[in-house]
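First residue of the sequence shown? That's 25 in the working numbering, and the numbers climb one at a time after it. Don't be surprised by glycine CBs; every beta carbon is placed ideally from N, CA and C.
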Amino acid sequence: MSEIPGDLKFAKSHEWVRVEQDGTVTVGISDHAQSSLGDLVYVELPEVGSSVQAGNGTAVVESVKAASDIYAPVSGEVVAVNEKLSDAPETINEDAYGEGWIFKLKISDKGELDELLGPDDYAELVENEDH
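Structural data, given as structure tokens:
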């Protein structure tokens, strides 16, 4: 089981959210999710400026095994995407909680953050999935 950073919130669908100092949120997929998917070969990023709703598919990651939707953990406007992933999707495998971030949002309803799981609750969810 990998280390889960304490400053993150998680969706049950395995996306993570980090609230940045400027109020935006950075979104990626958990280390558990990337290891379940296997080696990533392609990432389809959302468009900057597009609006996303919590729970809706926003990006796609493809591994040698399967393609998976990445859901927006919170609603907002896409303000940045990790262009590096277009050429190096494996960055998510190598650094899921750092350089492997997928997109950033200007969040429209901060209350949605309260509906996400904290690190301990997420660790419990993953543990229960594995049993």
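Measuring straight from C-alpha to C-alpha, what distance separates residue i and residue j?
| i | j | result |
| --- | --- | --- |
| Trp125 | Val102 | 13 Å |
| Val76 | Val85 | 17 Å |
| Ala120 | Gln45 | 20 Å |
| Asp63 | Gly47 | 32 Å |
| Ala104 | Val51 | 10 Å |
Compare the beta carbon distance of residue i and residue j with 9 Å and say whether it is the shorter of the two.
| i | j | result |
| --- | --- | --- |
| Leu149 | Lys36 | yes |
| Asp133 | Ser92 | no |
| Ser87 | Leu69 | no |
Per DSSP, what are the beta-bridge partners of residue i in this structure?
| i | result |
| --- | --- |
| Glu39 | Ile53 |
| Glu148 | DSSP lists no partner for Glu148. |
Is it the case that the CB of residue i approaches a heavy atom of the ligand NAP more closely than 8 Å?
| i | result |
| --- | --- |
| Trp125 | The ligand NAP is absent from the structure shown, which contains no ligand whatsoever. |
Should residue i be labelled buried (16 or more other beta-carbon atoms within 10 Å of its own) or exposed?
| i | result |
| --- | --- |
| Asp55 | buried |
| Val65 | exposed |
| Glu136 | buried |
Spatial neighbours of residue i within its chain, please: CB distance less than 7 Å, with the 5 preceding and 5 following residues excluded, ordered by chain position.
| i | result |
| --- | --- |
| Asn80 | Tyr95 and Ala96 |
Ordered along the chain, which non-local residues of its own chain (more than five positions away) have a Cβ less than 6 Å from that of residue i?
| i | result |
| --- | --- |
| Met25 | Annotation note: pLDDT 48 at Met25 (below 50); position unreliable, coordinate value reported separately. Cβ neighbours of Met25 beyond the five flanking positions: none. |
Keeping to the same chain, check which residues put their C-beta closer than 8 Å to that of residue i; ignore five residues upstream and five downstream.
| i | result |
| --- | --- |
| Lys128 | Glu44, Thr48, Val49, Thr50, Val51, Val102, Val103, Ala104 and Val105 |
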